[in-house]
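Remarks on the structure that follows.
Number of protein chains: 2
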Amino acid sequence: MTVTETDTETADEAAEPDVCAARGLPRPRPEGQDRYTISEVASICGLSAHTLRWYERIGLMPHVDRSHTGQRRFSNRDLDWLDLVAKLRLTGMPVADMVRYAELVRAGDHTCPERHELLVETREDVLRRVAELQETLAVLNYKIDIYAAYKVPETA
Amino acid sequence: MTVTETDTETADEAAEPDVCAARGLPRPRPEGQDRYTISEVASICGLSAHTLRWYERIGLMPHVDRSHTGQRRFSNRDLDWLDLVAKLRLTGMPVADMVRYAELVRAGDHTCPERHELLVETREDVLRRVAELQETLAVLNYKIDIYAAYKVPETA
DNA sequence: CGCTTGCCTGGAGTGCACTCGAGGTCCGTA
DNA sequence: TACGGACCTCGAGTGCACTCCAGGCAAGCG
Chain Y
1 MTVTETDTET ADEAAEPDVC AARGLPRPRP EGQDRYTISE VASICGLSAH
51 TLRWYERIGL MPHVDRSHTG QRRFSNRDLD WLDLVAKLRL TGMPVADMVR
101 YAELVRAGDH TCPERHELLV ETREDVLRRV AELQETLAVL NYKIDIYAAY
151 KVPETA
Chain C
1 MTVTETDTET ADEAAEPDVC AARGLPRPRP EGQDRYTISE VASICGLSAH
51 TLRWYERIGL MPHVDRSHTG QRRFSNRDLD WLDLVAKLRL TGMPVADMVR
101 YAELVRAGDH TCPERHELLV ETREDVLRRV AELQETLAVL NYKIDIYAAY
151 KVPETA
């Protein structure tokens, strides 16, 4: 299986409103660079090269550019996307749902309303999760207080 | 089987955890009862009977009482424990860690300091998770705002 | 008395999200 | 020209947390 070289050399642009950089997200990313090898990306975003390839295979990545020998060359745009994916993963969103979102992005601008809806639903989900966590926190605090009494008996 | 069909499991508040000893507590669960069959518990706490047996098998449940024919009879104390387990599960705590906590509880009062420590660590974890979620929320809000512009013009 | 229902056990199966291995290509340096 | 290293693909393997199944027992009912 030879890799067909440079069949798609420009990623379809303007499908995804470029976002991630706008929020001042702290991210050590080499500046002035726009072509990263897979291992560079792996160390930047904390995923393994295997996982990055797997993400691409399942359609969670837009088409990543390739070098003339078929090696992946990730762009800053790709890193932005991976940042978003990482955030969504933290919310517990299933990979399949993110693939769905990625498909919408690839499909073009006319899917924006749908994407909007999906993000809103996700936000609801995150809010619910935060609420759950707060509840758990209350329980945790309660129990910790109780156990504090069992701890080093500082009360004379 | 006389169990209400409403299995929406987020119903009860249950902000009344117990440490090593729990007495009968006023709860939205069937009162005046202290021996539940596995299917009753399943519908009360939203877990499947399979999962409840599995929890017991892996040591996540204290030893559940049995009827003279060998069927499980869960107590209110068991339900309290399951409430806690459910809360901890929501935090993403691995089952193995909860098993560890359960072992400490079984081991007796002298493990209280260790349990305290474990709970404090868990709380740290939850706080971190909440922070992550807040960050994700910020990104989500940002993107939702952007997409809102693409959406159906609601006002103008 | 047999049927149905609920529960029991041990073990196998499922779905998800990776994770790894084998075997191969390409490239820069010695 | 040989070699080490980074990368490639495809496919199999792993770990977790359930989830289900087969085969069987006990109780209540008609």
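Protein sequences, first through last, are from chains Y and C. Each residue of the first sequence is one higher than the one before, counting from 1 in UniProt numbering. Each residue of the second sequence is one higher than the one before, counting from 1 in UniProt numbering. A virtual CB, placed ideally from N, CA and C, is assigned to each residue, including glycine. Everything numeric in this text was worked out from a predicted model, so none of it was measured.
Nearest to residue i (by Cα), restricted to the options the options
i: D125 (chain C); options: Y:K87, Y:T136, Y:E124; result: Y:T136
i: R72 (chain C); options: C:V41, C:D145, C:A148, C:I58; result: C:V41
i: L47 (chain Y); options: Y:R57, Y:L82, Y:A131; result: Y:L82
i: L52 (chain Y); options: Y:T69, Y:A148, Y:A86; result: Y:A86
i: A96 (chain Y); options: Y:L90, Y:S39, Y:G59; result: Y:G59
i: T37 (chain C); options: C:P62, C:R57, C:N76; result: C:N76
i: H116 (chain Y); options: C:T111, C:Y142, C:D65; result: C:Y142
i: S43 (chain C); options: C:I146, C:L79, C:L118, C:V99; result: C:L79
i: M98 (chain Y); options: Y:L118, Y:T111, Y:H110, Y:D34; result: Y:L118
i: D145 (chain C); options: Y:V120, Y:W54, Y:P62; result: Y:V120
i: A102 (chain C); options: C:R128, C:S39, C:H63; result: C:H63
i: D109 (chain C); options: Y:Y147, Y:L84, Y:R35; result: Y:Y147
i: L90 (chain C); options: C:A107, C:V130, C:G70; result: C:V130
i: L127 (chain C); options: C:G92, C:R57, C:L84; result: C:G92
i: R35 (chain Y); options: Y:D65, Y:T69, Y:P94; result: Y:D65
i: T122 (chain Y); options: C:L133, C:G70, C:T122; result: C:L133
Residue i - DSSP class collapsed to helix/strand/coil
i: R89 (chain C); result: helix
i: D65 (chain Y); result: strand
i: E31 (chain C); result: coil
i: Y147 (chain Y); result: helix
i: T136 (chain Y); result: helix
i: N141 (chain Y); result: helix
i: P26 (chain Y); result: In this prediction, P26 (chain Y) scores a pLDDT of 38, lower than 50, which makes its location untrustworthy; the coordinate-derived value is nonetheless stated afterwards. Looking at P26 (chain Y) - three-state DSSP - the assignment turns out to be coil, as it is neither helix nor strand.
Any non-hydrogen atom of the ligand NAP closer than 8 angstroms to residue i Cβ
i: D34 (chain Y); result: This structure does not include the ligand NAP; it has no bound ligands of any sort.
Beta-carbon proximity list for residue i, same chain, < 6 angstroms, skipping 5 on both sides
i: L88 (chain Y); result: M98
i: C45 (chain Y); result: L82
i: S67 (chain C); result: R73
Close-in-space but distant-in-sequence residues of the same chain around residue i (CB under 7 angstroms, 5 per side omitted)
i: A138 (chain C); result: none
i: Y55 (chain Y); result: M61
i: T111 (chain Y); result: L104
i: Q33 (chain C); result: none
i: A49 (chain Y); result: I38, S39, A42
Own chain, CB closer than 8 angstroms to residue i, minus 5 neighbours either side, in chain order
i: R100 (chain C); result: L118
i: L140 (chain C); result: none
i: E114 (chain Y); result: L104
i: K69 (chain C); result: For the sequence presented, residue 69 (chain C) should be read as Thr rather than Lys. No residues qualify anywhere along the chain.
Item checked: Interface positions of the region 110 to 124 of chain C facing chain Y (Cβ-Cβ less than 8 angstroms), listed along the chain -> C112, P113, R115, H116, L119, V120, T122, R123
Checklist line | Interfacial residues, the region 45 to 70 of chain Y to chain C, with Cβ spacing under 8 angstroms | finding: none
Check: Between the region 131 to 150 of chain Y and chain C, which residues of the former have a C-beta closer than 8 angstroms to a C-beta of the latter?
Finding: Residues are counted here when their Cβ sits less than 8 angstroms from a Cβ of chain C; for the region 131 to 150 of chain Y these are E132, L133, Q134, E135, T136, L137, A138, V139, L140, N141, Y142, K143, I144, I146, Y147, A148, Y150, given in chain order.
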